[in-house]
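**Q** In case it helps, this note's numbering puts the sequence shown at residues 1 to 504.
Here it is, the structure, as structure tokens.
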Amino acid sequence: MLRHRVHWAPRTWKTPLSAARATAPALPTQRLAWLPASQQPPRSRRYSTASHPAALPTETLSPSPPTQQGPPSSRTTLSFSITDRVGVLDECLAALRNRAISLTRIESRPSRTPDWDYDFYVDFTADAPATVQTAITALKGLAKNVRVITTHPGAAERPTPWFPLRMRDLDSFADRVLAMGEELASDHPGATDPDYRRRRGRITEMAKAYRTGQPLPHVSYTPAEVRTWGAVFNQLTSLYPDYACREYNHLLPLFVTNCGYREDHIPQIEDISRFLQECTGFTLRPVMGLLSSRDFLNALAFRVFHSTQYIRHPSKPLYTPEPDVCHELLGHVPLFANPEFAAFSQEIGLASLGASDADVEKLATIYWFTVEYGLCRETVRGPDGTPQSVVRAFGAGLLSSFGELAYSLSDQPEYRAFEPARTAEQKYPITEYQPVYFVAESFKDAKEKVREFAKTLQRPFDVRYDPYSQRVIVLDSKEKVLRYAQTINSDMQTLTHALEKLHS
1 MLRHRVHWAP RTWKTPLSAA RATAPALPTQ RLAWLPASQQ PPRSRRYSTA SHPAALPTET
61 LSPSPPTQQG PPSSRTTLSF SITDRVGVLD ECLAALRNRA ISLTRIESRP SRTPDWDYDF
121 YVDFTADAPA TVQTAITALK GLAKNVRVIT THPGAAERPT PWFPLRMRDL DSFADRVLAM
181 GEELASDHPG ATDPDYRRRR GRITEMAKAY RTGQPLPHVS YTPAEVRTWG AVFNQLTSLY
241 PDYACREYNH LLPLFVTNCG YREDHIPQIE DISRFLQECT GFTLRPVMGL LSSRDFLNAL
301 AFRVFHSTQY IRHPSKPLYT PEPDVCHELL GHVPLFANPE FAAFSQEIGL ASLGASDADV
361 EKLATIYWFT VEYGLCRETV RGPDGTPQSV VRAFGAGLLS SFGELAYSLS DQPEYRAFEP
421 ARTAEQKYPI TEYQPVYFVA ESFKDAKEKV REFAKTLQRP FDVRYDPYSQ RVIVLDSKEK
481 VLRYAQTINS DMQTLTHALE KLHS
């Protein structure tokens with residue numbers, strides 16, 4: 001029986017109700033689709049430790065990215081530590097070379113251990129598990145902390161899918177899209193428009209060429225594209241005061257002021273990304289089309305949101321079968337400026353790092369019913385001045401679709417309290433509006449519940465994000481946990497001193 005992963009894919013609207021959908025459908029139907037694991041890139045890695053675990057290196061000596069080399073079963077990644085002395089690295093590499101091993105990449109960084117060692121991280125191909133084992137044995141006589149990360153099924157005990165450790169690792173996602181982008185389905189409104197297809201192609205090529213640290217691509221939108229944006233903008237902003245959550249309505253004017261959100265102007269993601277980074281540390285990154293759920297969620301761990309820049313076809317300004325710039329900038333972006341929502345989104349991303357296919361599916365479903373289709377409770381003053389509990393929308397699929405936004409807050413759908421364990425198992429239709437929505441008490445409450453849910457996932461390590469180095473730290477050794485504790489202790493001392501001053 002095939003195992004499946006969940007990936008983003010477009011909806012096909014078939015019902016009269018769905019035909020009235022105004023704009024982008026929810027992200028999980030746009031970016032998630034069932035795909036057999038056999039059709040996925042061979043990127044699963046396995047972890048085993050030959051001695052004490054060492055931190056993975058982070059400074060690349062070779063410019064080549066960590067791509068798959070040779071047959072998946074022969075690819076091995078290995079790390080080790082050495083004490084600096086003349087010729088020691090040559091000795092270690094000779095131990096690999098003498099065993100008919102082909103070295104494909106090497107990275108290095110100073111070790112964080114007190115011994116002033118150096119950590120090395122190498123990729124190589126070998127013809128058999130026995131060859132790998134003899135190389136490990138030889139290295140253990142020359143180096144310390146020998147650690148193996150390999151795709152060979154016989155070389156390790158615990159399978160762990162590959163995941164990014166550094167911000168620039170996200171560059172490997174650039175051309176790994178599943179659908180859309182410049183390639184359009186036959187039923188897409190722009191499928192038979194050669195000018196529209198060429199335009200899409202130019203925009204997606206800019207996204208494909210982008211690399212971490214570069215200025216985000218600037219798109220000079222045409223008058224027709226601006227008119228399409230304006231039609232969507234006017235329709236949706238007229239509904240937000242009565243349907244969108246309090247946080248969204250508070251933040252949208254800030255994007256009008258700081259990022260140029262208005263009817264006659266499509267904002268540039270560079271301006272938005274800078275503003276978001278000042279607010280919560282979130283940034284935008286261009287994407288060609290529909291990413292796999294694993295790649296998309298992994299990026300959230302770095303507080304990075306992949307955003308398309310092309311816009312829907314002008315013949316149907318109030319409909320799109322895929323995420324476009326209207327869906328991204330009106331549905332998703334504003335709430336990333338809210339600290340609690342940003343932290344909630346990052347929690348889902350962190351939980352996805354190294355998670356199994358089954359757990360990624362659960363996290364993607366949670367994402368579907370929150371970040372895309374989420375509702376929340378608010379307290380407002382009634383006509384007589386008494387407090388009343390109301391439900392409002394915060395999901396991007398709702399906030400970018402005037403048809404489903406109104407439907408979601410009508411008396412037609414069923415509401416359930418947001419509990420991640422139950423939400424993760426909920427089935428959902430992909431050809432009509434949702435019959436069930438999950439209601440969160442608050443972003444903070446949802447974040448804490450997702451954090452607790454993440455503890456139930458089958459992953460042999462924990463991770464944390466270091467915002468200073470923009471790296472994911474795998475907490476898989478006593479040394480790393482101790483450093484983390486020291487960081488927390490320093491923060492607690494600062495907090496204690498601040499409280500003492502307030503009470504003095």
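The beta-carbon is built from N, C-alpha and C at its ideal position, and this holds for glycine as well.
In the DSSP output, which residue or residues are listed as bridge partners for L475?
**A** Residue mapping note: residue 475 aligns to position 475 of the sequence shown, counting from 1. Answer is D462.
**Q** Taking the C-alpha atoms as reference points, what is the distance between K480 and R451?
**A** Numbered from its first residue, the sequence shown carries residue 480 at position 480. Numbered from its first residue, the sequence shown carries residue 451 at position 451. About 20 Å.
**Q** Please report how far the alpha carbon of D242 lies from the alpha carbon of T257, in whole angstroms.
**A** Translated into the one-based positions of the sequence shown, residue 242 becomes position 242. Translated into the one-based positions of the sequence shown, residue 257 becomes position 257. For D242 and T257, the distance between alpha carbons rounds to 22 Å.
**Q** Taking just the CA atoms, how far does Y468 sit from E183?
**A** By one-based count along the sequence shown, residue 183 stands at place 183. By one-based count along the sequence shown, residue 468 stands at place 468. Each residue's Cα considered, the two are about 38 Å apart.
**Q** Report the rounded CA-to-CA distance for L170 versus R416, giving the unit in angstroms.
**A** Position 170 of the sequence shown, counting from 1, holds the residue named residue 170. Position 416 of the sequence shown, counting from 1, holds the residue named residue 416. Rounded to whole angstroms, L170 to R416 spans 35 Å at the Cα level.
**Q** Where does the unbroken beta strand (DSSP E) through Q388 begin, and where does it stop?
**A** For this step, residue 388 is matched to residue 388 along the sequence shown. That run of the beta strand (DSSP E) goes P387 to A393.
**Q** Given this structure, state the Cα-to-Cα distance separating D411 from A421, to the nearest angstrom.
**A** As a first step, residue 411 is located in the sequence shown; it is residue number 411 there, counting from the start. As a first step, residue 421 is located in the sequence shown; it is residue number 421 there, counting from the start. Cα to Cα, D411 sits roughly 25 Å from A421.
**Q** Would you list the residues sitting across from H306 in a DSSP beta bridge?
**A** Walking along the sequence shown from the start, residue 306 turns up at place 306. According to DSSP, H306 bridges with R285.
**Q** Please name the residue or residues paired with Y415 in a DSSP beta bridge.
**A** Here residue 415 corresponds to residue number 415 of the sequence shown, with the count starting at 1. DSSP, once it has assigned bridges, lists Y437 as partnering Y415.
**Q** Using a Cβ-Cβ cutoff of less than 8 Å, which residues in the same chain neighbour V463 once the five nearest sequence positions on both sides are dropped?
**A** Residue numbering aside, residue 463 sits at position 463 when the sequence shown is read from its first letter. These residues qualify, in order along the chain: A301, L350, L353, G354, V472, I473, V474 and L475.
**Q** Should the segment 304 to 312 be called in touch with the segment 212 to 232, which here means at least 3 C-beta pairs below 8 Å?
**A** These segments touch.
**Q** Would you say T125 and S102 are within 8 Å of each other, going by their C-beta atoms?
**A** Along the sequence shown, read from residue 1 onward, the residue named residue 125 stands at position 125. Along the sequence shown, read from residue 1 onward, the residue named residue 102 stands at position 102. Cβ atoms of T125 and S102: closer than 8 Å.
**Q** My parser needs the alpha helix (DSSP H) runs of 4 or more residues fully inside the segment 305 to 390; what are they?
**A** List check, alpha helix (DSSP H) in window: 339 to 352 and 357 to 367.
**Q** Alpha carbon to alpha carbon, how far is L536 from M167?
**A** Residue 536 is absent from the model: the chain starts at 1 and stops at 504.
**Q** Between the C-alpha atoms of R202 and V390, what's the straight-line distance to the nearest angstrom?
**A** Translated into the one-based positions of the sequence shown, residue 202 becomes position 202. Translated into the one-based positions of the sequence shown, residue 390 becomes position 390. Approximately 45 Å between the Cα atoms of the pair.
**Q** Quick one: what's got a C-beta closer than 8 Å to R381's C-beta in the same chain, skipping five residues either side?
**A** The sequence position of residue 381 within the sequence shown is 381, counting from 1. If we look at R381 and ignore the five residues flanking it on each side, its Cβ neighbours are P387 and Q388.
**Q** From the DSSP output, in three-state form, read off T487 for me.
**A** The count along the sequence shown starts at 1 and reaches residue 487 at position 487. Helix, per DSSP.
**Q** From what residue to what residue does the beta strand (DSSP E) around V122 run?
**A** Mapped onto the sequence shown, residue 122 falls at position 122. That run of the beta strand (DSSP E) goes D117 to T125.
**Q** Leaving out five residues before and five after D175 in sequence, what residues of the same chain have Cβ atoms less than 8 Å from its Cβ?
**A** Here residue 175 is taken as the residue at index 175 of the sequence shown, counted from 1. So the list reads K208 and M288, once near-sequence residues are dropped.
**Q** Evaluate E247 with the Cβ neighbour count: other Cβ atoms within 10 Å of its Cβ, from every protein chain shown; 16 or more gives buried, anything less gives exposed.
**A** The residue labelled residue 247 in the question sits at position 247 within the sequence shown. The residue in question, E247, is buried, as its Cβ has 16 or more Cβ neighbours within 10 Å.
**Q** Going by Cα to Cα distance, which pick from S79, V219 and R294 is closest to I266?
**A** As a first step, residue 266 is located in the sequence shown; it is residue number 266 there, counting from the start. Looking at S79, V219 and R294, the one whose alpha-carbon comes closest to that of I266 is V219.
**Q** At a cut of 8 Å, does the segment 232 to 241 reach the segment 289 to 297 through at least three beta carbon pairs?
**A** no
**Q** If you pair each beta-carbon of the segment 392 to 406 with each one of the segment 367 to 374, do three or more pairs fall below 8 Å?
**A** Verdict: yes, contact present.
**Q** Identify which residue in D324, P223 and C245 has its Cα closest to the Cα of I269.
**A** Counting from 1 along the sequence shown, the entry for residue 269 is found at position 269. The residue with the shortest Cα to Cα distance from I269 is D324.
**Q** Out of D491, L457, H188 and V132, state which residue places its alpha-carbon closest to the alpha-carbon of I348.
**A** Numbered from 1 along the sequence shown, position 348 holds the residue referred to as residue 348. Measuring from the Cα of I348, the nearest candidate turns out to be L457.
**Q** For I366, which of A440, V88, E91 and N338 has the nearest alpha-carbon?
**A** Your numbering for residue 366 matches position 366 in the sequence shown. Out of A440, V88, E91 and N338, A440 has the C-alpha closest to the C-alpha of I366.
**Q** Report yes or no: do the segment 328 to 344 and the segment 209 to 217 share at least 3 C-beta pairs separated by less than 8 Å?
**A** no
**Q** Under 8 Å, do S307 and L284 count as touching if we go by C-beta distance?
**A** Counted from its first residue, the sequence shown places residue 307 at position 307. Counted from its first residue, the sequence shown places residue 284 at position 284. Closer than 8 Å, so yes.
**Q** Buried or exposed: T76, going by 16 or more other Cβ atoms within 10 Å of its Cβ?
**A** Position 76 of the sequence shown, counted from the start, is the residue given in the question as residue 76. With 16 or more Cβ atoms within 10 Å of its Cβ, T76 is classed as buried.
**Q** Does the separation of the CB atoms of A95 and T131 fall below 8 Å?
**A** For the purposes of this step, residue 95 is taken as residue 95 along the sequence shown, with counting starting at 1. For the purposes of this step, residue 131 is taken as residue 131 along the sequence shown, with counting starting at 1. No, these two residues do not count as a Cβ contact at 8 Å.
**Q** From K449 to F305, what distance separates their C-alpha atoms?
**A** Within the sequence shown, numbered from 1, the residue matching residue 449 stands at position 449. Within the sequence shown, numbered from 1, the residue matching residue 305 stands at position 305. Distance between the alpha carbons of K449 and F305 is about 22 Å.
**Q** In the DSSP assignment, the alpha helix (DSSP H) including E425 goes from what residue to what residue?
**A** As a first step, residue 425 is located in the sequence shown; it is residue number 425 there, counting from the start. From DSSP, E425 is part of no alpha helix (DSSP H); its letter is neither H nor E.
**Q** Check this for me: beta carbons of Y121 and S81, under 8 Å apart or not?
**A** For the purposes of this step, residue 121 is taken as residue 121 along the sequence shown, with counting starting at 1. For the purposes of this step, residue 81 is taken as residue 81 along the sequence shown, with counting starting at 1. The answer is no: Cβ separation not under 8 Å.
**Q** Thinking just about the alpha-carbon of each residue, which of A244, I430 and P189 is nearest to the one in W368?
**A** Taking the first residue of the sequence shown as position 1, residue 368 is located at position 368. Cα-wise, what sits closest to W368 is I430.
**Q** So A95 is in the alpha helix (DSSP H); what residue range does that whole segment cover?
**A** Position 95 of the sequence shown, counted from the start, is the residue given in the question as residue 95. V88 to R97 is the extent of the alpha helix (DSSP H) around A95.
**Q** Leaving out five residues on either side along the sequence, give the residues of the same chain with a beta carbon under 8 Å from the beta carbon of G213.
**A** On the sequence shown, position 213 is the one that residue 213 refers to. Taken in chain order, the residues that qualify are R168.
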